[in-house]
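Undergrad: Before anything else, here's the structure in question.
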Amino acid sequence: SWPPYCARHYAVTPLGTRSGLIQWVGGATPMFHIYRKWQLRQAQIKHSMERKNGVPATTAALDIDRPTDLFQKKMRGVFADNNVEAAIIADRSKWPHNLLREVFNSLVKETPKDLISR
């Protein structure tokens, strides 16, 4: 059975129309840290398998994109596939919601459902 998780609300101090500072949560682990550790584990497994199969050892297998870089790379690809204008790409508030959802769903499919509980 799944361990109990809950989401809480925290105070946010507005910095602008689209950004703010969230209250510090003691003892919390950032989601990017959890995701990044999973990425590194996957890269190490791949690297080990390549070495077992006689593929020359390189650092390329351990060279992985940061989560934000991975998101940006996927967005650039989706923009190119859908011929999105440069003016729209330059303003994140104008990014088409259907394309954002497409990239989000793609990233969700690539990420294990039990990532947090690992």
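Going by the UniProt record's numbering, the residue at position 40 of the sequence shown is 40; the numbering climbs one at a time, nothing skipped. The C-beta atom is built at its ideal place from N, Cα and C for all residues, glycine as well.
Using the beta-carbon count (16 or more within 10 Å), is V103 buried or exposed?
TA: Classification for V103: buried.
Undergrad: If I follow the unbroken alpha helix (DSSP H) through P112, where does it start and stop?
TA: Run containing P112: none; DSSP gives neither H nor E here.
Undergrad: Alpha carbon to alpha carbon, what distance is there between E50 and R8?
TA: Rounded to whole angstroms, R8 to E50 spans 43 Å at the Cα level.
Undergrad: Can you list, in chain order, the residues of its chain with a C-beta nearer than 6 Å to that of R89? Leave out the 5 residues immediately preceding and following it.
TA: First, the amino acid is wrong: residue 89 is Ile here, not Arg. The residues are F79.
Undergrad: Return the first residue and the last residue of the alpha helix (DSSP H) that L70 is part of.
TA: That run of the alpha helix (DSSP H) goes 67-81.
Undergrad: Could you check where the beta strand (DSSP E) with L40 kicks off and where it finishes?
TA: Careful: L40 lies outside any beta strand (DSSP E), inside the alpha helix (DSSP H) at 31-52.
Undergrad: Please list, in chain order, all residues of the same chain as Q23 whose beta carbon is under 6 Å from its beta carbon, the five residues on each side excluded.
TA: The residues are Y10, A11.
Undergrad: My output table needs one value for L21: the three-state DSSP class, helix, strand or coil.
TA: Three-state DSSP puts L21 in a strand.
Undergrad: Reducing DSSP to helix, strand and coil, say where V103 ends up.
TA: In the structure shown, V103 sits in a helix (DSSP, three-state: H, G or I).
Undergrad: Got a sec, what are the start and stop residues for the beta strand (DSSP E) V12 sits in?
TA: Start and end: 12-14.
Undergrad: Return helix, strand or coil for I88, following the three-state DSSP convention.
TA: Note: I88 maps to helix in three-state DSSP.
Undergrad: So what's P97 in DSSP terms, helix, strand or just coil?
TA: Note on identity: in this sequence residue 97 is His, with Pro being the wrong assignment. Of the three classes helix, strand and coil, the one that applies to H97 here is helix, per DSSP.
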